[in-house]
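Chemist:
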Amino acid sequence: MSKLSHTHPYKFTVNLLSIVILFFIGIQFYTAKHLRGFWPKFRRLQYPYKLLKPPPDPNLWPFVSYPMYNYAKHEGDTIKQYSIYATLDDSTEVLIQPEDLGVNYWVFMYGLKESLRLEKKEMIINFVQLYESRYHTKIINLRLYNYPLVLQKDKIIEAEPQLVKQYPIAELMKK
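Position in the sequence shown (first residue = 1) + 1 = this note's numbering.
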């Protein structure tokens, strides 16, 4: 009997499948937001970090940095819920939704909401112009509110709304 008769006939397939699985696990690990802060801390790893920096979500979909479990776990922790309101030139208050801008939820949350939160003025202006061109109206003020939910032992309660940021559009256009 030859030595080849004792080898598994699917060994190549099993090895290839293992490599593919490890590749996909590696991509998911690579996109994890909570690990992105690890790389810049080590001076020797800063250059590879710049080369391998993941693109923003959802460009690597389905490998996204979305946490599997919410960070709010203990009693008293809060869950942030953001809403964006605009004041139009006729003093009307409107709630801005992703559908109003013709974008999906993720572009809305990581685009407009994050731009407001992080004061990215050029991005805010782009979204304002998009809204104004779709509805043929002018926005004079944008506000980002947080409507937090607080975890209690047996229930979730609504906390007081918080104004996170406010942007008079005329001031944004000047700068």
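C-beta atoms are modelled at their ideal positions from N, C-alpha and C, and glycine is treated no differently.
My guess is that LEU150 and THR79 are in contact by the Cβ rule of under 8 Å, so how many angstroms apart are they, rounded?
Modeler: Residue mapping note: residue 150 aligns to position 149 of the sequence shown, counting from 1. Residue mapping note: residue 79 aligns to position 78 of the sequence shown, counting from 1. Indeed, because the Cβ distance is near 7 Å, the residues count as touching under 8 Å.
Chemist: With respect to the beta strand (DSSP E) encompassing GLU159, which residues constitute its N-terminal and C-terminal limits?
Modeler: The residue labelled residue 159 in the question sits at position 158 within the sequence shown. That run of the beta strand (DSSP E) goes 157 to 159.
Chemist: LEU164: buried (16+ other C-beta within 10 angstroms of its C-beta) or exposed?
Modeler: Position 163 of the sequence shown, counted from the start, is the residue given in the question as residue 164. When all chains shown are included, LEU164 counts as exposed.
Chemist: Taking only the alpha-carbon atoms, compute the straight-line gap between ASP91 and LEU143 and give it to the nearest angstrom.
Modeler: As a first step, residue 91 must be located in the sequence shown, where it is residue number 90. As a first step, residue 143 must be located in the sequence shown, where it is residue number 142. Distance between the alpha carbons of ASP91 and LEU143 is about 14 Å.
Chemist: Taking DSSP's pairing of strands, which residues face TYR83 in a bridge?
Modeler: Position 82 of the sequence shown holds residue 83. DSSP lists ASN147 as partners of TYR83.
Chemist: Identify which residue in LEU102, PHE30, PHE128, PRO162 has its Cα closest to the Cα of ASN147.
Modeler: Counting from one through the sequence shown, the residue named residue 147 turns up at place 146. For ASN147, the nearest C-alpha among the options comes from PRO162.
Chemist: What residue range does the beta strand (DSSP E) around LEU119 cover?
Modeler: One-based indexing of the sequence shown puts residue 119 at position 118. Element bounds for LEU119: not the beta strand (DSSP E) but the alpha helix (DSSP H), 115 to 119.
Chemist: Quick one: grab the DSSP three-state call for VAL15.
Modeler: Taking the first residue of the sequence shown as 1, we reach residue 15 at position 14. Of the three classes helix, strand and coil, the one that applies to VAL15 here is helix, per DSSP.
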